[in-house]
Amino acid sequence: MTALLRPDCLVLASMIIPLVAALVIPVFHNRSNLREGVTLIAAVLLCATVWSLLPGVMAGKPPSYDVVEVLPGVALAFKIEPLGMLFGLIASTLWIVNSVYSIGYMRAHNEPRQTTYYVCFAIALASTMGVAFAKNLFTLFLFYELLTISTYPLVTHNRDSKSMSSGRLYLMLLLGTSMLLFLPAIIATFVLAGTTDFAPGGILAGKAGTTTLIVLLALFAFGIGKAAVMPLHFWLPAAMVAPTPVSALLHAVAVVKAGVFCVAKIVLYVFGLDSLSGSGANVWLVYLATACIVGASLIALSRGNLKARLAYSTVSQLAYVVLGAALATSAGLLGGALQIAMHAVGKITLFFCAGAIYIATHKTEIKQLDGIGRTMPFTMLAFLIGSLSIIGIPPLGGTWSKWYLALAAADAGFLIVVGALMVSSLLNVAYLLSIVGRAFFLPPRPDDDDHGHGNGHGHANGHAEGGIHEAPLACVIPLSLTALGCIVLFFQIDNITALLAPAAAGK
Amino acid sequence: MTAISAQLPALQVVLPLLGAVLAALMRRGTPAFALTLAISWTLPFISGALLYQTLTGDPISYRLGGWEPPFGIEYRVDVLNAFVLMLVSSVGAVILPFAHRSVASEIDEDKHAWFYCMYLLCLAGLLGIAITGDAFNAFVFLEISSLATYVLIALGRDRRALLSAFQYLIVGTIGATLYVLGVGLIYLVTGTLNMHDLSTRLVEAYAVYPQPVLAGLAFIVVGVGLKLALFPMHVWLPNAYAYAPSVVSAFLAATATKVAVYLLIRFSFGVFGKAVAFPTLTVTDLIVGLSIAAMFVGAAAAVYQTDLKRMLAYSSVSQIGYITLGVGLANQAGLTGGIVHLANHAIMKAALFLALGAAVYRIGTCKLNDLSGIGRRMPLTMTAFAIAGFGLIGTPGTAGFISKWYLALGSLEVGGWPLLLAIVASSMIAVVYVGRVVEVMWFREESPHVKGASEAPLAMLLPILVLAAATVYFGFDTRATAGIATRAAEMLIGGLR
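If you read the protein sequences in the order shown, they are chains A and B. Taking our numbering, the leading residue of the first sequence gets 1, the next gets one more, and so forth. Taking our numbering, the leading residue of the second sequence gets 1001, the next gets one more, and so forth.
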């Protein structure tokens, strides 16, 4: 028994726990309490498992597990380096919160196909852990594809023609880019470097000329469609048709986050920071990411649908991570990695709020939110905190990532980028705080009653008495917790940088 | 015991041949099925023993009737054909339990025993082609398997099955004729029919009579190309697979074209390779070109099919393109990819055809729209279908990825970025045709046909699940597939020098 608790076996357990949950959940498909119980137990177990791996990584003894050598030089293998540790911690912790929220949301909504939903969610989490802990490009690619396939039923959860066509776009774009660009890049890397194992300093260092590096970087940056680097970002707003907890999963926990994580990990361990920045092959990606940051912010500003605005905000915010990777300096990578964590907690808060608003009032458009802060004060307070963290205002976690990124850009001599980051922050203020402003300071609109169908009486109550009408507790508690998390992360920065330092130093 | 083990090469062919005769004497289906099952489950042990011997020692040479080669017929088993024997006999063993109910529901009762007779005959022919070391003997077995195949296809319950069988008969006969013409030409210039002997004698003959030797190669490549459905000689295949009984489609897709590809590999590398320096010939470029055309045309045609058996058939045209691409690349990694895809595609395609066969058994149709929502009614069968479908796409974690990996490495070795792109781009089309079906099966409302359908019976379900599990298993443990294919490719490439 104790042998099973060795760190090396726990690495494997972090994938097996959610997979076992995915097998057990269908058994209880007619007993929803047990079914959701399985999800929650698995989430807690997974979280505990992943946290228990942290001391080893901090001590510089990364747990690893080689499962099988699939082909000569290509193995299914896991090894936890600091970047993956951070991503794993974030994803596994947020799964618990998201599960609680899912239960509240799906039940409040009487959604059909809940068993499929929880099964796919669990598989998606297993894939995310695989992506986080992959030791080499093959393992990374395997779980990357599994993540796409397992989230497809979630995106198409409603099964109507709109969600089916969005799902088709989702699948084709993500599978397409990964097969047409990502896979050739992996094969070319294997041919050039003779291995696909991630190694500090980069396996391509000294193995390829500048032109080859540019081509490979482009293949990776666009091949990882999940990173939503413009112009391959449009699947993400389309995937907004899914239920809100799924959007939260896509944006904060798994999919997009896994995408930018892959980009960062590949820059760090395949290209190597010094060899990439030394070759100059990264400059185009710095500018593209910057353009993406500002461009997506502008589009977000023009969107009147709450979830669509948040979606473009994600495109913009996650380009920060790509930017950090593209700068290929220690500070840049540190900023990018921090942004993975900070954005996750901030954005999941915002999506939880959007879902809570939808459940309580069936409102989806921003202009309907006038005065909603009076009936949903907790939700909108959390929304405020999440927004401030995304913008990067102390004392909230988002401050640090923006700080390190601006520092890194200035260090590397990209002054335009520094300017663009500031412009983007202002745009963030404009498109996020305007929502909070409406909610708290404008009077409720009298003419939007026709949107209250399905929940009409509660809504009418809210109007008549001006009392509090929040979403179910199972929704409000998670979003309060994640809002709190934004604050906690601000003060935990020393611990996080201590974890990331060896990776950022290129060791 | 040793007496038997020495006779294993002969038993590999004689057992199913004798079985066919016995089955022909039977009147009822069930005893014929039992006999076929017993034989089918014995054959993998024989080929397993042969494979083990060739992997651990030298190639096995068996003199049929005790006549010395090159005068008598020699059965010669090396790593390559032991691998093919293992593949054919294992697939046959796995899918046979499926046959009993499927045949009972699709074929008239008085023809059941005949079906098993023809099935065994076909199996004997295919194993014979793979095992023999004699070029003319291979022709004889080619005809045995082909004649049996025509009958098997014609047993399909759709009346168009007859026409398809006739079409295949014409094309197949032309193919066999071209093959035997090619064999005749090289016999004229060398005076031998033994493949091993030919490979050395052709070196001298090529120096004296280059044109006849090359013409012989051309006849054989085209003749075998017809049998393996190399684009654009594939036109017979979609009809044949679509209208044949379900279990026959699965069996043929998994074995018949594969054995023909084996002949192509054996002749181009083993027999002619040394004499004409096969990798340097223009014909390799031609094969690469045709393979790429097959990969795209087959996949694109598959997208437009509404009959799913037909769709799988066009997908086979595309997948055979991957295999022959490996042959055309003619380097170590490419050839390994081609050979490993022989096995991987056989496993995946058998799973897919059987899953459809199970659907036909339950609801009587395999039109795309009739199958909508069937995933919830037959969850295990259709999960297996989806897994094997992902294999066709080449998703990592399935056997299909392994093949693609080697082919991609082989392409890059000859400096072929465009080739690499062609491989990944054509697998994108596979995403479309597989994804479309999976979407309809799992995410659509149930069609009236599907209402009341239930999971396939165990004897049909087990083969499907075994094959789907194999698709995943061979995506991770590749010792038995890529490992042996690597050794076979090493042997073939090494034999060129």
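Even for Gly, the Cβ is constructed at its ideal location relative to N, Cα and C.
From the DSSP secondary-structure annotation, give me the bridge partner or partners of residue i.
{"i": "E69(A)", "result": "A75(A)"}
{"i": "A515(A)", "result": "This structure does not reach residue 515(A), given that chain A is present from 1 up to 507, and the question cannot be answered."}
{"i": "V1077(B)", "result": "I1060(B)"}
{"i": "D197(A)", "result": "N136(A)"}
{"i": "N110(A)", "result": "For N110(A), which the question treats as bridged, DSSP gives no partner whatsoever."}
{"i": "K1367(B)", "result": "D1307(B)"}
{"i": "N305(A)", "result": "E365(A)"}
{"i": "D1134(B)", "result": "N1194(B)"}
{"i": "S64(A)", "result": "K79(A)"}
For residue i, return the contacting residues in chain C, with the cut-off set at a CB-CB distance below 8 Å.
{"i": "I187(A)", "result": "In the displayed structure, chain C is absent; the protein chains listed are A and B."}
Between residue i and the rest of its own chain, which residues show a CB-CB distance below 8 Å, the 5 nearest in sequence each way excluded?
{"i": "K307(A)", "result": "M240, T244, S247, F351, A354, T364"}
{"i": "V20(A)", "result": "A42"}
{"i": "L178(A)", "result": "Note on residue identity: the sequence assigns Ser, not Leu, to residue 178(A). Answer for S178(A): F141, Y144, E145, T148, G223, I224, G225, listed in chain order."}
{"i": "R1027(B)", "result": "A1113"}
{"i": "G56(A)", "result": "P7, P62, P63, I80"}
{"i": "A1384(B)", "result": "A1351, A1355, I1464, L1465, L1467, A1468"}
{"i": "F491(A)", "result": "P395"}
{"i": "E465(A)", "result": "Low confidence applies to E465(A): its pLDDT is 48, below 50, so where it sits in the model is not reliable, and the reading given next is rough at best. There are no such residues."}
{"i": "T49(A)", "result": "L10, A13, S14, I17, S92"}
Quick one: residues in its chain with C-beta nearer than 6 Å to the C-beta of residue i, no 5 flanking neighbours on either side, listed in chain order?
{"i": "H157(A)", "result": "A242, P243"}
{"i": "A1453(B)", "result": "R1362, I1363, R1377"}
{"i": "Y1243(B)", "result": "G1156, D1158, R1160, A1161, S1164"}
{"i": "L1217(B)", "result": "F1272"}
{"i": "L407(A)", "result": "A331"}
{"i": "A1498(B)", "result": "The first residue shown for chain B is 1001 and the last is 1497, placing residue 1498(B) beyond what the model contains."}
{"i": "V38(A)", "result": "A21, V24, I25"}
{"i": "V1084(B)", "result": "A1130, Y1262"}
{"i": "P1279(B)", "result": "A1330"}
{"i": "A460(A)", "result": "Low confidence applies to A460(A): its pLDDT is 41, below 50, so where it sits in the model is not reliable enough to give any reading."}
{"i": "C47(A)", "result": "S92, T93, I96"}
{"i": "H463(A)", "result": "Confidence at H463(A) is low in this model, with a pLDDT of 45, below 50, so the placement of that residue is unreliable and no value is reported for it."}
{"i": "S102(A)", "result": "P245"}
Skipping 5 residues on each side, what residues in its chain have a beta carbon closer than 7 Å to that of residue i?
{"i": "I1423(B)", "result": "K1404, L1407, A1408, S1411"}
{"i": "F1401(B)", "result": "G1394, T1395, G1475"}
{"i": "A1215(B)", "result": "L1185"}
{"i": "H1471(B)", "result": "Checking the sequence shown, residue 1471(B) turns out to be Thr, not His. If we look at T1471(B) and ignore the five residues flanking it on each side, its Cβ neighbours are I1347, M1348, A1351, I1387, A1388, G1391, T1398, A1399."}
{"i": "M1460(B)", "result": "F1098, R1101, S1102, A1358, Y1361"}
{"i": "G454(A)", "result": "Here the model assigns G454(A) a pLDDT of 43, short of 50, so the residue's position is not dependable, and the following value carries that caveat. Within the same chain, G454(A) has close Cβ partners H362."}
{"i": "V1013(B)", "result": "A1124, L1127, G1128, I1131"}
{"i": "Y404(A)", "result": "A331, L334, G335, L338"}
Give, in chain order, every residue of the segment 159-171 of chain A whose Cβ lies closer than 9 Å to some Cβ of chain B.
-> R159, M164, G167, R168, L171
With 7 Å as the limit, tell me which residues of the segment 1024-1055 of chain B have their beta carbon closer than that to any beta carbon of chain A; keep them in chain order.
-> none
Report the residue ranges of all alpha helix (DSSP H) runs contained in full by the segment 1286-1341 of chain B; include only those spanning at least 4 residues, in chain order.
-> 1308-1329
Does the segment 1119-1132 of chain B touch the segment 1155-1175 of chain B, meaning 3 or more C-beta pairs lie closer than 8 Å?
-> no
Using a beta-carbon distance cut-off of less than 7 Å, what residues from the segment 1186-1200 of chain B approach chain A?
-> none
Contact residues within the segment 1477-1490 of chain B, judged by C-beta distance below 7 Å to chain A = D1477, T1478, A1482
Curious, which full-length alpha helix (DSSP H) runs of at least 4 residues does the segment 1171-1224 of chain B contain?
-> 1195-1208
Would you check if the segment 378-396 of chain A and the segment 262-270 of chain A touch, i.e. whether three or more CB-CB distances between them fall below 8 Å?
-> no
Just checking, does the segment 159-170 of chain A make contact with the segment 119-129 of chain A on the three C-beta pairs under 8 Å criterion?
-> no
Can you list, in chain order, the residues of the segment 10-21 of chain A whose Cβ is nearer than 9 Å to any Cβ on chain B?
-> none
Short-range partners of chain A found in the segment 1443-1457 of chain B, where Cβ spacing is below 7 Å = F1443
At least three beta-carbon pairs within less than 8 Å, the segment 1239-1258 of chain B to the segment 1217-1226 of chain B | no
Check each residue of the segment 1391-1402 of chain B: if its Cβ is closer than 9 Å to any Cβ of chain A, include it; give the result in chain order.
-> I1393, G1394, T1395, P1396, G1397, F1401, I1402
Are three or more beta carbon pairs between the segment 1484-1495 of chain B and the segment 1069-1082 of chain B nearer than 8 Å?
-> yes
Length-filtered (4 minimum) alpha helix (DSSP H) runs lying within the segment 269-314 of chain A | 273-279, 283-302
Contact list for the segment 306-325 of chain A against chain B, Cβ threshold 9 Å | none
Taking Cβ-Cβ distances below 7 Å as the criterion, which residues of the segment 49-80 of chain A are in contact with chain B?
-> V68, V70, L71, L76
In the segment 1005-1033 of chain B, which residue ranges form an unbroken beta strand (DSSP E) of at least 3 residues, counting only runs that do not cross its ends?
-> none
Should the segment 204-219 of chain A be called in touch with the segment 280-300 of chain A, which here means at least 3 C-beta pairs below 8 Å?
-> yes
Hey, is the segment 286-297 of chain A in contact with the segment 380-387 of chain A, meaning 3+ C-beta pairs nearer than 8 Å?
-> no
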